[in-house]
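In my numbering, the protein residues as written are 1 to 335. Here the structure is laid out as structure tokens; the discussion comes afterwards.
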Ligand code: ASP
């Protein structure tokens, strides 16, 4: 492997945290020096570090995704690969957003974080970062990836599944791109091809979207009010199983017809992370089909939500939004 230039972008998370006087974890300022001293010397690659923010990722908003995307774009020509150190709580959302915002990405972007801070003697941070720098040098993987516990996933397919174990992420409907053991095992058939077009960013979004997780007895009237007052520009329904929703008259018809009258798109994803939406399978999905709801197919809730924000930012006409949501833009869903 020829010598590479890698940029580490710091955004915060447990990875860089330390305990405060109350014993709570809070962002610390030791990580850049620690990495320079203990991790950079392990590589022949030239490694730079930029600190963009130092936040618990629960504080992230879409504007943070934009700033990360812009920073990658500003530095795109100077580096062969990028590592983004990020809190685990919202990493799957950021990974999804970057995959849509970085268009025609031709270089590796690897998000990683940790369950224990870098300075904890049992931390997973050290290995996660070493693995991430290793993978960021694989210039032929043009993907926004999420690396955790020696496994690399396509970022927009991931979910945080575990708040305790080092094995904290998975991609319920798309197997890993790479496994890191004593060697690096690739799954080439899962890795995106090099894009034909020129790299560019498109960071437009509109975050007036809400997710409605269905549950037995849910009352839809508050959502109908929001739709009619245009306080929300799109809805994501987290339906049961393969897209099932109550088929009796629970107020859902009113919500769907008022949303249609207000040109408010509605996408349906599932509460069951593994599997896909199929609105033809059950009678219980007929209402969703009748009102022209958009099937998220096998997209995660995270990817569906972020993609809808981006769709609203890029398109005004409901048919354009539906087309974008139904297309496979960055490998986030099956074709
Ligand atoms: N609360 C932390 C964060 O998301 C959790 C972590 O990084 O593991 O920033």
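Just so it is clear, CB atoms sit at the ideal spot from N, CA and C, and this is done for glycine as well.
Tell me the rounded alpha-carbon separation between residue i and residue j.
| i | j | result |
| --- | --- | --- |
| residue 191 | residue 145 | 10 Å |
| residue 211 | residue 105 | 29 Å |
| residue 296 | residue 334 | 10 Å |
| residue 71 | residue 51 | 10 Å |
| residue 14 | residue 283 | 45 Å |
| residue 85 | residue 280 | 41 Å |
| residue 125 | residue 317 | 44 Å |
| residue 69 | residue 201 | 7 Å |
| residue 325 | residue 23 | 44 Å |
| residue 151 | residue 63 | 28 Å |
| residue 346 | residue 294 | Nothing in the structure corresponds to residue 346, since the chain is present only between 1 and 335. |
| residue 183 | residue 233 | 47 Å |
| residue 322 | residue 265 | 7 Å |
| residue 174 | residue 143 | 14 Å |
| residue 118 | residue 227 | 45 Å |
| residue 65 | residue 25 | 23 Å |
| residue 137 | residue 46 | 11 Å |
| residue 248 | residue 12 | 47 Å |
| residue 17 | residue 225 | 42 Å |
| residue 79 | residue 121 | 31 Å |
| residue 74 | residue 196 | 21 Å |
| residue 36 | residue 29 | 13 Å |
| residue 203 | residue 311 | 11 Å |
| residue 340 | residue 231 | Summary: the structure shown does not reach residue 340, with the chain confined to residues 1 through 335, and so no result is reported for it. |
| residue 162 | residue 41 | 32 Å |
| residue 222 | residue 77 | 48 Å |
Does the Cβ-Cβ distance between residue i and residue j come in under 8 Å?
| i | j | result |
| --- | --- | --- |
| residue 160 | residue 91 | yes |
| residue 300 | residue 273 | yes |
| residue 139 | residue 330 | no |
| residue 94 | residue 53 | no |
| residue 268 | residue 243 | yes |
| residue 246 | residue 252 | yes |
| residue 129 | residue 6 | no |
| residue 171 | residue 199 | no |
| residue 48 | residue 27 | no |
| residue 414 | residue 176 | Because residue 414 is not part of the residues shown, which for the chain are 1 to 335, the question remains open. |
| residue 207 | residue 127 | no |
| residue 237 | residue 209 | no |
Who are the Cβ neighbours of residue i in its own chain at under 7 Å, not counting the five residues just before and after it?
| i | result |
| --- | --- |
| residue 44 | 3 |
| residue 185 | 178, 179 |
| residue 258 | 224, 227, 228 |
| residue 19 | 25 |
| residue 315 | 321, 324 |
| residue 123 | 114, 116, 117 |
Just reading off the beta strand (DSSP E) that residue i is part of, what are its end residues?
| i | result |
| --- | --- |
| residue 154 | 151-154 |
| residue 194 | Taken as a continuous stretch (DSSP letters only), residue 194 belongs to no beta strand (DSSP E), as it is neither H nor E. |
| residue 182 | Here residue 182 belongs to no beta strand (DSSP E), and DSSP marks it neither H nor E. |
| residue 10 | 5-12 |
| residue 237 | 234-239 |
| residue 82 | 81-85 |
| residue 148 | 144-148 |
| residue 212 | 209-213 |
For residue i, I'd like the list of residues in its chain whose CB is within less than 6 Å of its CB, leaving aside the five on either flank, ordered along the chain.
| i | result |
| --- | --- |
| residue 132 | 83, 110, 112, 147 |
| residue 96 | 156, 302, 303, 306 |
| residue 58 | 89 |
| residue 298 | 173, 276, 333, 334 |
| residue 188 | none |
| residue 149 | 166, 167 |
| residue 263 | 318 |
| residue 220 | 251, 252, 255 |
Hey, could you find the ends of the alpha helix (DSSP H) residue i is sitting in?
| i | result |
| --- | --- |
| residue 253 | 252-261 |
| residue 224 | 221-228 |
| residue 312 | 301-314 |
| residue 98 | 91-101 |
| residue 318 | 318-326 |
Quick check: is the beta carbon of residue i nearer than 8 Å to any beta carbon in chain C?
| i | result |
| --- | --- |
| residue 114 | Among the chains in the structure shown there is no chain C, since it carries only a single protein chain. |
Quick one: what's got a C-beta closer than 8 Å to residue i's C-beta in the same chain, skipping five residues either side?
| i | result |
| --- | --- |
| residue 260 | 291, 292 |
| residue 31 | 10, 15, 16, 85, 118 |
| residue 164 | 115 |
| residue 239 | 214, 245, 268, 269, 270, 271, 277, 285, 288 |
| residue 194 | 106, 140, 142 |
Complete runs of the beta strand (DSSP E) confined to the segment 41-73 [at least 3 residues]: Here the runs fully enclosed are 46-55.
If we require 3 or more residues per run, which beta strand (DSSP E) segments fall completely within the segment 108-138? 109-112
So within the segment 262-303, which uninterrupted alpha helix (DSSP H) runs reach at least 4 residues, ignoring any that extend past its ends? Listed in chain order, the alpha helix (DSSP H) elements of length 4 or more contained wholly in the segment 262-303 are 286-290.
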